[in-house]
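**Student:** Per our numbering, residue 3 is the first one in the sequence shown, and the count goes up by one each step.
Positions of the beta carbon are idealized from the N, C-alpha and C atoms, including for glycine.
Below: one structure in structure tokens.
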Amino acid sequence: MAQVADEKRMTIFEHLAELRTRLIRSFVALGVATLFSLLFTRPIFEILKAPAHSIDLIFIDPTEGMGSYFRVALLAGVILAMPAMVYQAVMFIAPGLTPTEKRYLFWLLPGATLSFVLGVVFAYAVLMPPALTFLLGWPGEDIARPQIRLSSYIDFVTRFLFWVGVVFETPLLIYFLAKIRIVNPQQLGRLRKYAIVGAFALGAIITPTFDPVNQTLVAVPLILLYEVGILLARLAYR
Numbered sequence: 003m004a005q006v007a008d009e010k011r012m013t014i015f016e017h018l019a020e021l022r023t024r025l026i027r028s029f030v031a032l033g034v035a036t037l038f039s040l041l042f043t044r045p046i047f048e049i050l051k052a053p054a055h056s057i058d059l060i061f062i063d064p065t066e067g068m069g070s071y072f073r074v075a076l077l078a079g080v081i082l083a084m085p086a087m088v089y090q091a092v093m094f095i096a097p098g099l100t101p102t103e104k105r106y107l108f109w110l111l112p113g114a115t116l117s118f119v120l121g122v123v124f125a126y127a128v129l130m131p132p133a134l135t136f137l138l139g140w141p142g143e144d145i146a147r148p149q150i151r152l153s154s155y156i157d158f159v160t161r162f163l164f165w166v167g168v169v170f171e172t173p174l175l176i177y178f179l180a181k182i183r184i185v186n187p188q189q190l191g192r193l194r195k196y197a198i199v200g201a202f203a204l205g206a207i208i209t210p211t212f213d214p215v216n217q218t219l220v221a222v223p224l225i226l227l228y229e230v231g232i233l234l235a236r237l238a239y240r
């Protein structure tokens, strides 16, 4: 019994060592990508600022400008390093999968990266302009004019883009889980009402505002992504 316990303990230690290795490699990839992104951070800054239209951003702390600059570089680094980080995550869980499950997972690896990038682009091009127009136009210039801190704006934009990109990977995740028979289309259909509530809850977290307009702007695409996931689950079962 003691020998079996020692073997299990060594197995756990080996898993922890593997996890540490994968995390270190992921952070190295993120660091290299972030440093590379510093070469292009200024034009990225201009792109992120474009949806704010003619609003002049300000900063009031000595370190605020530099902090916001590096936050933008970090977001760009996450996008560039996403393939490497997803690969490290896949390689960590791969030993616990069957050969068939590994094959499905490796097929979905490029799709996960592409889905994240598409989510970021969708959030920037489709969701952000109406959201910012609504937020910056309320309660009206006759009452108050917006003077937005640079750090607040960058925090809002980067968080918004990142989490929408993550959520765009939902259909592929559902497809993979259906392919390995963890979920099925019938279960997903029964959980639809909870998914709708969860979409609005995520919308409140991602935006983050208390107005129903921006929550709906985020929640509706999330619900549609869930429906796409159900369709993919049906294909997986066929």
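Tell me which residues share the same chain as A83 and place their Cβ nearer than 6 Å to its Cβ, disregarding the 5 neighbours each side in the sequence.
**Tutor:** These residues qualify, in order along the chain: A31, L32 and A35.
**Student:** From T115 to P214, what distance separates their C-alpha atoms?
**Tutor:** Computed Cα separation, rounded: 30 Å.
**Student:** Helix, strand or coil for R236, going by three-state DSSP, please let me know.
**Tutor:** Of the three classes helix, strand and coil, the one that applies to R236 here is helix, per DSSP.
**Student:** So the candidates are Y228, A197, S153 and G98; which of them puts its Cα closest to the Cα of D58?
**Tutor:** Out of Y228, A197, S153 and G98, S153 has the C-alpha closest to the C-alpha of D58.
**Student:** Going by other Cβ atoms of all chains shown within 10 Å of its Cβ, with 16 needed for buried, is M3 buried or exposed?
**Tutor:** Reliability of the predicted coordinates at M3 is poor, the pLDDT of 43 falling under 50, and no value is obtained from them.
**Student:** Quick check on G167: buried or exposed, where buried means 16 or more other Cβ atoms within 10 Å of its Cβ?
**Tutor:** Answer is buried; the Cβ neighbour count reaches 16.
**Student:** For L134, decide whether its Cβ has a neighbour in chain B, counting only Cβ atoms nearer than 8 Å.
**Tutor:** No chain B is present in this structure, which holds just one protein chain.
**Student:** Indicate whether the contact test is met: 3 or more Cβ pairs, each with one atom in the stretch 146-160 and one in the stretch 115-124, closer than 8 Å.
**Tutor:** Touching, no, given that fewer than three Cβ pairs across the two stretches are closer than 8 Å.
**Student:** Look up R183 in the DSSP assignment and say whether it is helix, strand or coil.
**Tutor:** The answer is coil: DSSP assigns R183 none of H, G, I, E or B.
**Student:** Confirm, please, whether the CB-CB distance from L174 to L110 is below 8 Å.
**Tutor:** Result yes, Cβ atoms of L110 and L174 sit closer than 8 Å.
**Student:** Going by the beta-carbon positions, is the gap between A235 and A180 smaller than 8 Å?
**Tutor:** The answer is yes: Cβ separation under 8 Å.
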